[in-house]
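Chemist: Structure incoming, see below.
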Amino acid sequence: MTLNIGIVGTGWFGRMHAEKLAKLEGVKVAAFTATSQEKADQEAAKYEGARGYSSIHTMLDDRKLDAVYICVPPFAHGEIERALVERGIPFLVEKPLAADEQTPAELLKEIESKKLITSVGYHFRYMDGTSRAQELLRERTVGMALGYWMGSMPGVSWWRKMEGSGGQFVEQTTHIVDLLRYTLGEVSEVYAAYGSRIVADVEQGVTVPDVGTVTLKLVNGAVATISNTCAIPAGDRAGLHIYTNKGVLELSHGGLLDVEAGRKTEYANRTNPYELENEAFLHAVRTGDVSRIRSTYEDAWLTHRVTIAANQSALTGLPVKL
């Protein structure tokens, strides 16, 4: 059975997913939706028999699709997902779920009532290092965690506005929040402090804060802080350090470093997390078995809620209980 896949969005993520999907046996990249017909046609021309569309509705009316990948900016969510839910078409959506809280909350109800197969692009969950960390944590007591996402500000205009991206904690650092939840459990309280220190003075029209630190209490009694900046021209890094009774587990893009007294063990990421994520989702579409999907819409909503709570806390100066 060949799966016909549609892709909404022709930015980096849309193109990356299309390239990976096209290499898989029994998978056909059949359609692209973009913000203009021209962009959609341009991408579709790269794949045999694929067509381009300027709206999700015309794509779904014209093509019989087995699943759709949604790769659009945070502000553009809502209508796309709703169209797919109405037709019962499974989808994989890139994080974050939206720039606000209301859109995904409403969509979640519709998804659950349809029992629709969904996957969300929290690819850190599919890293070898993450799986190894989970195994090691079964035998250890966690005290606290420190997470970080440090880098420069993306050049696209929507990212620089709060209504466009939701800010760095919602748009980028959500990966670290999700990794925290996936390895250590649920968050019960959030307190955030944000600032605009550098970028707004140099660039025009920037409304997102460029520094922030968020303190999180976990249900199991552990505590964490996750900090981010989008203001530095060098020294970028992202990861999560988990402090336990045995030492430190350092999780990053490269893999896992297990630091114990007198010993360091490194576990490199050998498999491509995006490929594992695709495999899990497409297996679910083919068979109905969702057990390999590590982040469903329902689960991703819990991560999104934490990041939105951080924004609320930073605005009010008060902790937010979840």
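For the sequence shown, this note's numbering assigns the number 114 to the initial residue and increments by one for each residue that follows. Think of the CB as a built atom: it goes at the ideal place given N, C-alpha and C, for glycine as much as any other residue.
Drop a sphere of 10 angstroms on the beta-carbon of A381, count the other beta-carbons inside from all chains shown, and report buried for 16 or more, exposed for fewer.
Modeler: exposed
Chemist: Look at the alpha carbon of H170 and the alpha carbon of G124, and state the distance between them as a whole number of angstroms.
Modeler: 20 Å
Chemist: From A247 to G264, what distance separates their C-alpha atoms?
Modeler: Correcting the residue type first, residue 247 is Gln in the shown sequence and not Ala. Near 27 Å, if we compare the C-alpha coordinates of G264 and Q247.
Chemist: Could you have a look at E316 and say whether DSSP puts it in helix, strand or coil?
Modeler: coil
Chemist: Taking the Cβ atom as the reference point for each residue, do V327 and Y304 lie within a distance shorter than 9 Å?
Modeler: yes
Chemist: For N424, name the three-state secondary structure that DSSP assigns.
Modeler: helix
Chemist: Under 9 Å between the Cβ atoms of L331 and E363?
Modeler: One thing to note: L331 has its Cβ no nearer than 9 Å to the Cβ of E363.
Chemist: Spell out whether any CB of chain D is found under 9 Å from the CB atom of Y235.
Modeler: This model lacks chain D altogether; it includes just one protein chain.
Chemist: Which of the three DSSP states, helix, strand or coil, is assigned to T254?
Modeler: coil
Chemist: Assuming M172 and A144 are in contact, meaning their beta carbons sit under 8 Å apart, how far apart are those beta carbons, in whole angstroms?
Modeler: Indeed, because the Cβ distance is near 5 Å, the residues count as touching under 8 Å.
Chemist: Between G279 and V185, is the Cβ-Cβ spacing less than 9 Å?
Modeler: no
Chemist: Would you identify the three-state DSSP class for D213, choosing helix, strand or coil?
Modeler: In this structure, DSSP gives D213 a state outside helix and strand, which the three-state scheme calls coil.
Chemist: Starting from the C-beta of G260, find all residues in its chain whose C-beta is less than 8 Å away, skip the five residues before and the five after it, and write them out in chain order.
Modeler: T286, I289, V290, L292, L293, A337, T338, I339, S340, G352, L353 and H354
Chemist: Would you kindly check if the distance between the Cβ of P203 and the Cβ of V233 is under 9 Å?
Modeler: no
Chemist: So, using beta-carbon positions, are V319 and K274 closer together than 9 Å?
Modeler: yes
Chemist: Under a Cβ-count criterion, where at least 16 other Cβ atoms within 10 Å of its own Cβ denotes burial, should L210 be classed as buried or exposed?
Modeler: buried
Chemist: If we ignore side chains and look at the alpha-carbon of each, how far apart do A163 and S426 end up?
Modeler: 46 Å
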